[in-house]
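See below for the structure under consideration.
In our numbering, the protein residues as written are 59 to 173.
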């Protein structure tokens, strides 16, 4: 079970890197488009986060994350995916790259600081 959890954690962190990398890449270009890297990173974060929540919750009762923590993480992840999906087909987007970076930062802070 530990190997499965570690694998999903690595995939989850790669999704985080894809979201941040794709969003920060948008700031450098004149055409503000949602990067496919950002979109797929957001999708990967959501799916691997759900998998991690299930694995951790089922494997240990003492170290299981709280329902409130999981709810906040899920809502922020859904917001990131929603913003990415809504702007994937648009020719030009205003400030969604900044919003995606801000939401991702909030999600990291919740993950690390909330115990």
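Idealized CB from N, CA, C, for every residue including glycine.
Residue burial is scored here from C-beta neighbours: residue 134 has at least 16 other C-beta atoms within 10 angstroms and is therefore classed as buried.
Inter-residue distance for residue 166 and residue 80 is about 17 Å (C-alpha atoms, whole angstroms). With a contact defined as Cβ atoms closer than 8 Å, residue 137 and residue 161 qualify at about 6 Å. When 142, 144, 115, 168 are compared, the shortest CA-CA separation from residue 131 is found for 168.
Note on residue 62: under 16 other CB atoms within 10 angstroms of its CB, so exposed under the neighbour-count rule.
Counting only residues of its own chain and dropping the five nearest sequence neighbours on each side, residue 154 has a CB closer than 6 Å to the CB of 141, 145.
When only Cα atoms are considered, residue 73 and residue 112 end up about 18 Å apart. In terms of Cα proximity to residue 129, the closest of 102, 172, 84 is 172.
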